[in-house]
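Asker: Let me give you the structure first, and then I'll get to my questions.
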Amino acid sequence: MNNLFRVAIVDPNDSTRESLKTMLLGMDLVWLEAECSRYEFFEDVIGQTSPDIGIVSLDSNADKAIDLISNITRDNPECSILVVSNTSDGQLILRTMRAGVKEFLTRPVGVEDLVGALERISSQKTGGANGKSRTCQVIAVCGATGGVGTTSIAVNLGCTLASGGKHSVALIDLDLALGDADVFLDTIPDYTLVDVAQNISRLDFTLLKRSLTKHSSGLYLLPRPVQLQDTALITPDNLQRVFGLLKASFSHLILDLSKSFNEVDMTALKTAQQVLLVTQLDLPCLRNVVRLMMSFEEVEGLKEKVKIVVNRVGLGSKDISLKKAQETIGTELFWQLPNDYRVMVEVRNNGVPIYEFAPRASITQSFQALGEALTGERVEVESKAGGSSGKWLSFWPGKTKGKTEPVSND
Ligand SMILES: Nc1ncnc2c1ncn2[C@@H]1O[C@H](COP(=O)(O)OP(=O)(O)OP(=O)(O)O)[C@@H](O)[C@H]1O
Ligand SMILES: [Mg+2]
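Residue numbers (the working numbering): 23 to 432.
What follows is the structure in C-alpha cells.
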C-alpha cells in the first residue's frame with residue numbers, strides 16, 4: 023500500500039465522475055479511497071479516509087468547489103488537491119491556486135496529464151529529487167556495442183524484479199528492427215509496440231494490459247514491430263504517450279534499447295530515471311563507453327543517470343582489468359555480472375526465468391542484487407526449481423555492491 027497514491031474524488035456530474043473513476047481504477051499506482059457526488063459531503067469524506075490526494079471537479083458549481091478546497095487545505099493540509107475542469111479561465115484558475123490547489127488539469131484529462139500531475143504532487147510531498155518517488159521507475163538498458171548482453175540483462179533483470187509479485191514490471195523492446203526480447207521469453211506475442219502506439223488514444227489500462235504478453239515470471243512484454251517497414255510508425259511523440267500509459271500501469275518499466283542511439287533510443291534515455299550502459303572489458307567497448315559518455319554530456323541530466331554495468335567479467339585472460347577499465351572510463355563501475363555462458367544461453371533458449379533454471383548460480387544472485395541496488399528494495403524470487411517449489415529466495419541486504427565473484431564457463 024505504501025507505493026500507492028490514495029485518492030478520493032468529488033464530482034456531482036455522474037458521467038464525468040465515472041470516466042475519471044475508470045481512469046483511476048486502471049492505474050496500478052492509484053488506490054481509489056472514496057468517490058463522492060456532493061461537494062457538501064467531501065470534507066467529511068476526506069476527514070474519514072485521509073487520502074493523499076483529493077480530486078475536485080470544478081464544473082458543477084465553481085464557487086462551492088473553491089470554498090470546499092479552501093476548507094480542505096486549511097483543515098487537512100496533508101491532502102493535496104488536484105482540480106479538473108472544462109474551463110481554462112485564468113481568473114478561475116488563479117482563485118483555485120489561491121485556495122491552495124496543487125495541480126489544475128483541463129478536460130479532457132489524458133492519462134499522461136494525470137500521471138504527470140500525480141508525479142509532481144508526489145515529488146513535492148517527498149521533497150523533490152531527494153525524496154523517494156512513488157511513481158513508476160523506468161530503467162533503460164543500452165549497450166556499448168552489439169552482442170554485449172543488453173537484452174540478456176534487460177530480460178533477466180525484468181524477470182527477477184517481476185517474480186516476487188511485489189512489483190508490476192513491463193519490458194519494452196525498443197530495438198525496433200532486430201529486437202529479440204520475445205525470443206528470450208519464448209513467446210509469440212499477439213500485439214506489438216506498433217499496435218499500442220497507433221491505438222494509444224483508444225486504449226485504456228485494461229486493453230493495454232491485454233495487448234502485452236505475460237511471461238511465467240510475471241514480466242509483461244511489449245515487443246518490437248513484426249514488419250521492418252512498421253518501425254517508421256514509432257515516433258518519439260507516440261512513444262512518449264506509450265510510456266505515459268505504461269508508467270501509470272506498472273511500477274517498473276525496463277527499456278531494451280537498440281545500438282543506433284536514434285531518436286527512439288534518445289527518447290527512452292530521456293524518459294528513464296536510470297540508464298544501464300552495458301560494456302565488456304575489451305578495448306572497442308571501453309572506447310565506445312568513453313565516446314557515449316561524452317555525447318551524453320550534451321543532453322541535460324543524461325550523463326548523471328548512467329550506471330556502467332560490466333558484463334561477462336572473467337570471460338578471458340586477455341580482458342582489460344577492472345581497475346584499468348575504471349581509469350579509462352573515468353566513472354565508477356556500478357555493477358559487474360560474471361561470465362556464465364551456459365546459464366545465459368539455456369535461459370535464453372528455453373525462455374525460463376534465470377532464478378528457476380539456476381537458483382544458486384553466481385550470476386542469478388548478481389541479478390537479484392542488481393535489482394535490489396536499482397530499486398533500493400528487497401527483491402524476492404519464487405524458485406520452483408530443484409523440488410523446492412514455492413520457496414522464496416532473497417539475498418537482501420545482499421552482497422556488497424557489484425562484488426560478485428567472476429566465474430568462467432565459456
Ligand atoms: N553474463 C554473461 N555470460 C555469458 N554469456 C552472456 C552473458 N550475458 C550475455 N551473454 C550471451 O551473449 C550473447 C549476446 O547477448 P545479448 O543478445 O543479450 O546481447 P545484446 O547486446 O542484446 O545483443 P544485440 O546487439 O544483438 O542486441 C548471448 O548469447 C548471451 O547468452
Ligand atoms: Mg539485444
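Beta carbons are placed, not taken as given, at the ideal position from N, Cα and C, and that holds for glycine.
From a predicted model like this one, the values you see are computed outputs, not experimental measurements.
Near ligand 2, which residues have their beta-carbon less than 5 Å from any of its heavy atoms, given in chain order?
Answerer: Result: Thr-172 and Thr-173.
Asker: Pick from Ser-72, Arg-60, Glu-62 and Ser-37: whose alpha carbon is nearest that of Leu-54?
Answerer: It is Ser-72 whose Cα lies nearest to the Cα of Leu-54.
Asker: Under 8 Å Cβ to Cβ from Ala-151, same chain only, skipping five residues before and after it: list those, please.
Answerer: Because the pLDDT at Ala-151 is just 46, under 50, the model does not fix this residue reliably, and the value given afterwards should be weighed accordingly. Closer than 8 Å at the Cβ level, and outside the excluded window around Ala-151, lie Ser-145.
Asker: First and last residue of the alpha helix (DSSP H) that includes Leu-275?
Answerer: Segment 274-278 is the beta strand (DSSP E) holding Leu-275; no alpha helix (DSSP H) there.
Asker: State yes or no: is the C-beta of Asn-178 within less than 7 Å of the C-beta of Phe-389?
Answerer: Yes, the pair counts as a contact, with Cβ atoms nearer than the cut-off.
Asker: So which of Ala-203, Gln-159 and Lys-292 has the shortest CA-CA distance to Asn-372?
Answerer: Residue Ala-203 is the option with its Cα nearest to Asn-372.
Asker: Which of the three DSSP states, helix, strand or coil, is assigned to Glu-55?
Answerer: If DSSP states are grouped into helix, strand and coil, Glu-55 belongs with the strands.
Asker: If contacts are defined as beta-carbon pairs under 8 Å, then Val-123 and Ile-143 qualify, I think. What distance do you get, rounded to the angstrom?
Answerer: So it is not a contact: roughly 10 Å between Cβ atoms.
Asker: Give the secondary structure of Pro-73 by DSSP, where H, G and I count as helix, E and B as strand, and everything else as coil.
Answerer: Here Pro-73 sits in coil by DSSP.
Asker: Taking 8 Å as the limit between beta carbons, can you name the residues of its chain near Val-312, skipping five residues before and five after?
Answerer: If we look at Val-312 and ignore the five residues flanking it on each side, its Cβ neighbours are Thr-350, Ile-351 and Gly-352.
Asker: Let me make sure I understand the geometry here. Which of Ala-176, Phe-126, Asn-333 and Tyr-377 has the alpha-carbon closest to that of Pro-361?
Answerer: The sequence shown places Asn at residue 361, rather than the Pro named in the question. With distances taken between Cα atoms, Asn-361 lies closest to Asn-333.
Asker: If we require 4 or more residues per run, which alpha helix (DSSP H) segments fall completely within the segment 152-217?
Answerer: Here the runs fully enclosed are 172-185 and 203-206.
Asker: For Gly-180 versus Leu-268, is the C-beta distance shorter than 7 Å?
Answerer: No, these two residues do not count as a Cβ contact at 7 Å.
Asker: Identify whether Pro-360 lies in helix, strand or coil by the three-state DSSP scheme.
Answerer: Looking at Pro-360 - three-state DSSP - the assignment turns out to be strand.
Asker: Just to check my reading of the structure: Gly-76 and Ala-139 have Cβ atoms closer than 8 Å, yes? What is that Cβ distance to the nearest angstrom?
Answerer: So it is not a contact: roughly 13 Å between Cβ atoms.
Asker: Taking Phe-318 as part of the alpha helix (DSSP H), name the residues at either end of that continuous run.
Answerer: Its alpha helix (DSSP H) spans residues 305-318.
Asker: Going by the beta-carbon positions, is the gap between Thr-293 and Val-133 smaller than 7 Å?
Answerer: Cβ atoms of Thr-293 and Val-133: not closer than 7 Å.
Asker: Alpha carbon to alpha carbon, how far is Thr-257 from Leu-234?
Answerer: C-alpha separation (whole angstroms): 19 Å.
Asker: Taking the runs of the beta strand (DSSP E) that are 3 residues or longer, which of them lie wholly in the segment 237-278?
Answerer: Fully enclosed beta strand (DSSP E) runs of 3 or longer: 242-244 and 274-278.
Asker: Say yes only if the C-beta of Tyr-363 is nearer than 6 Å to one or more non-hydrogen atoms of ligand 1, and no if none qualify.
Answerer: Answer for Tyr-363: yes, Cβ within range of ligand 1.
Asker: If you measure between the beta carbons of Glu-326 and Ser-185, is that distance less than 7 Å?
Answerer: Not closer than 7 Å, so no.
Asker: Judging by CA-CA distance, which residue of Leu-26, Arg-60 and Phe-27 is the nearest neighbour of Asn-35?
Answerer: Taking only the C-alpha atoms, the option nearest Asn-35 is Arg-60.
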